[in-house]
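31 is the number that numbering that gives the first Met the number 0 gives to position 32 of the sequence shown; each next residue is one higher, with no gaps. The C-beta atom is built at its ideal place from N, Cα and C for all residues, glycine as well. Have a look at the structure below before the remarks.
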Amino acid sequence: MASYSDLANRPVLTQPVYEAGRPIEVVAREFGLDPASVIKLASNENPLGPSPLGLAAARKALDHCHLYPDGGSTFLREKLARKWSMEPGNFVIGNGSNEVMILLAQAFLRPGDEVVFGAQAFIVYKLATMLFGATPVEVPMPGYRHDFTALRAAITPKTRILFLASPNNPTGGTDSPADILALAASLPEDVIFCLDEAYTEYLEASADLRPLMQSGRKVVLSRTFSKAYGLAGLRVGYLMGSIEVCGLLNRVRQPFNVNLPALAAAEAALDDDAFVRRTREVNAAGIAQLSAGLQKLGFAYIEGKANFLAVQVPKAEEAFTVLQRAGVIVRPLRGYGMTGWLRFTVGTAAQNTRLLEELAKL
Ligand SMILES: *Cc1c(COP(=O)(O)O)cnc(C)c1O
């Protein structure tokens, strides 16, 4: 008798596994700790909590959760259009930006297609690629930095999508807007360039791809409410692209892919400039604090501007467990081919101090 695996679509069997940051409650139970004493610096979440405007709107929206959410995300798309000087039709809202990348893959990838990204790029690009039977083309990243010449050289007639995040996760390296724009402009016209701007709120300057997009180049960008807006648990992100590409993605997405409180929260959080400003300030101070502390302890790390640092830690796997026992959850990077590295999300000053104290004990 055939097993389920025999019957499954082939790509399902070879899907890489997404290794998520371990939840506080799970670690607390495993190590016999009080959950209140555990800090999670593992998933690049906002240490300040959710945007207060977003949280209040989500709570209010729950009163109406017997109703389906607005499947067209009308108000959020209108607000984004005003923010970006685009049309509402230039946006697709997703259950996290993760979903919009899957939608892109679902709409455009089939076996035989190639998708280009860095060898230490966000793992979701590989998941999305392989899920639809396409071939990942992982371009080496010398010194864990994007090599723009090599990325461009990896493009073949089979290339359908090029994914690039800046800052890149998990390395934290940030590319110059000029390099990003030059790469986007250099691509063949049938290659879709997806710029993942998950951490762009933490940067002083980022590449503006709208002119290229408006000139008809196949450029899309994705953003999220999970990081600087502090709404990771509600799952909202979006893709900006031409009206044509957004129309196609809307055909493949579920009618109610973004839930009611999430939509309300995202809409309100877009106005929470004060929160995003404070997030940026606390993060910049945290990067400075962690960098200084890591230097003092003699740990090598990759300079970065996002809300996390990739750090070389002796016996990283063991350290990962030792830190959990001490109530500090971080992220191992072995799955990214970075054996010997851990990724630390920037926390509050107190959380960073605690992480550094635990590192000193290793
Ligand atoms: C965190 C992150 C995202 C955001 O994912 P969501 O699904 O929006 O929570 C996207 N890209 C990268 C590179 C990230 O690190």
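- For the pair of segments examined, the stretch 104-113 was found not to touch the stretch 274-285: the number of CB pairs separated by less than 8 Å stays below three.
- Between residue 155 and residue 165 a beta carbon distance of about 23 Å is seen, past the 8 Å cut, so the two are scored as non-contacting.
- Residue 308 and residue 355 have their C-alpha atoms roughly 13 Å apart.
- The beta carbon of residue 310 sits closer than 7 Å to the beta carbons of 293, 298, 300, 340, 341, 343 from its chain, once the five residues preceding and following it are set aside; these are given in chain order.
- A Cβ-Cβ contact shorter than 7 Å links residue 26 with residue 328.
- Across the set 127, 317, 259, the C-alpha of 259 shows the shortest separation from the C-alpha of residue 69.
- Pairing residue 306 with residue 171, the inter-Cα distance amounts to about 8 Å.
- For residue 51, there is no enclosing beta strand (DSSP E); the enclosing alpha helix (DSSP H) has its first and last residue at 51-61.
- The secondary-structure analysis by DSSP pairs residue 92 across a beta bridge with 237.
- In this chain, residue 223 is not harboured by any alpha helix (DSSP H); it is covered by the beta strand (DSSP E) spanning 218-223.
- With a threshold of 16 other beta carbon atoms within 10 Å, residue 123 meets it and is buried.
- In the three-state reduction of the DSSP assignment, residue 209 falls in the helix class.
- Your pair residue 104 and residue 128 checks out as a contact, with CB atoms roughly 6 Å apart and the cut at 8 Å.
- Per DSSP, residue 69 lies in no beta strand (DSSP E) and is assigned neither H nor E.
- 286 is the residue among 98, 286, 270 whose C-alpha sits nearest the C-alpha of residue 304.
- Annotation for residue 311: the continuous beta strand (DSSP E) segment containing it runs 307-311.
- Residue 191: member of the beta strand (DSSP E) spanning 191-195, first to last residue.
- The shortest CA-to-CA distance from residue 151 to any of 168, 187, 118, 141 is the one to 187.
- A distance of 7 Å or more separates the beta carbons of residue 40 and residue 326.
- The way I'd put it, the stretch 218-227 does touch the stretch 194-203; three or more beta-carbon pairs between them come closer than 8 Å.
- In this structure, residue 106 lies near residue 247, with their beta-carbon atoms less than 7 Å apart.
- Beyond the five residues adjoining it in sequence on each side, residue 63 comes within less than 8 Å, by CB distance, of 259 in the same chain, given in chain order.
- With a cutoff of 7 Å on beta-carbon distance, residue 12 and residue 262 are scored as not near each other.
- Scanning 221, 162, 98 for the CA closest to the CA of residue 253 turns up 98.
- Every residue whose Cβ sits closer than 5 Å to any heavy atom of ligand 1 is listed here in chain order: 95, 96, 97, 121, 164, 168, 195, 197, 223, 225, 236.
- For residue 161, the beta-bridge partners assigned by DSSP are 115, 192.
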